[in-house]
Amino acid sequence: MTLTSRLARRADLPVLLPLIAAAIAELQKGFLDDAQIESSRSIMGIDTQLIDDGTYFVVESDGQIVGCGGWSRRATLYGGDHSQGRDPALLDPARDPAKVRAMYTDPRFARRGVGRLILSLCEAAAAAEGFDVLELMATLSGRPLYEAAGFVPVEQVEDPAGGTPVRLVRMRKSISASVA
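Residue 477 in this note's numbering sits at position 77 of the sequence shown, with consecutive numbering throughout.
Okay, structure coming up:
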C-alpha cells in the first residue's frame, strides 16, 4: 500500500467528516465505553482553522482519503469547530510548543502507517517554522502511537464537556530544525 499526502482543502470536508465520525466510533472501542465514545464527539472533530491556515493534511491511498491530521501555530490544544474554549491566538515558536491536532484514520486503514506519516509531516512543518517542541492532547486510543513516535505524557485530564468525562493525556516531544 502506497500512501501519499497533500494539504487538505475545504472541498475535502464531505469526505473527512464521515471518516472522522467512523474513527471516533470505531478506534476508541476497547479504550472507552459507549457513553465515553459518545461524549468524546463533543471534544473531537475537524478544526477548519487548520485547513485555512494550511497546516492540515490528508493522507491518500490509491486516490482515496484514508486519514487526516495536522498541526497548529495557534493556542487551541484540541477540539473541533463546535468545541468550547478555542483560542486562535498565535504561538511564539521561541517559547510555545506547536500543537498536533485532529488526527483521524479511516478504521479500515488503522495501523498501516497513516498516523506516523501525519506526525512526520507535522513535525517537519513545525520545525521549519522554528518550533522546537510539539504538544498534543491524546485520546487513550491514540496514546500508543504517540508514545511510539517519541511523545511523553506530561498531564492526565478528564474532559466532561460531553456529559460523561473522557480521559485524555497531554503529551510533548522535542523536535529540531534538522527534521525540516
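Glycine is no exception: its CB is placed at the ideal position from the N, C-alpha and C atoms.
Remember, it's a predicted structure, so these values are computed and weren't measured experimentally.
As assigned by DSSP and simplified to three states, the class of residue i
i    : result
P553 : strand
Q464 : strand
F431 : coil
A489 : coil
Residue-level contact to chain B via CB, residue i, 8 Å cutoff
i    : result
R516 : Of the protein chains in the structure, only one exists, and it is not chain B.
Cα-Cα separation, residue i to residue j
i    : j    : result
A548 : G542 : 10 Å
V415 : R495 : 36 Å
A423 : G467 : 9 Å
R474 : D487 : 7 Å
Y546 : V552 : 8 Å
Q464 : D492 : 36 Å
I446 : D433 : 22 Å
D412 : V458 : 9 Å
Exposure of residue i, with buried meaning 16 or more beta-carbon neighbours within 10 Å
i    : result
P503 : Per the sequence presented here, residue 503 reads as Met, with Pro not at that position. When all chains shown are included, M503 counts as buried.
E555 : exposed
Residues that residue i bridges to, as DSSP identifies them
i    : result
Y478 : Bridge partners of Y478: none, in fact.
G563 : The partner list for G563 (beta bridge, DSSP) is empty, contrary to what the question assumes.
Which ranges does the alpha helix (DSSP H) cover as unbroken runs of at least 4 residues, wholly within the region 514-552, from first to last along the chain? 514-528, 543-548
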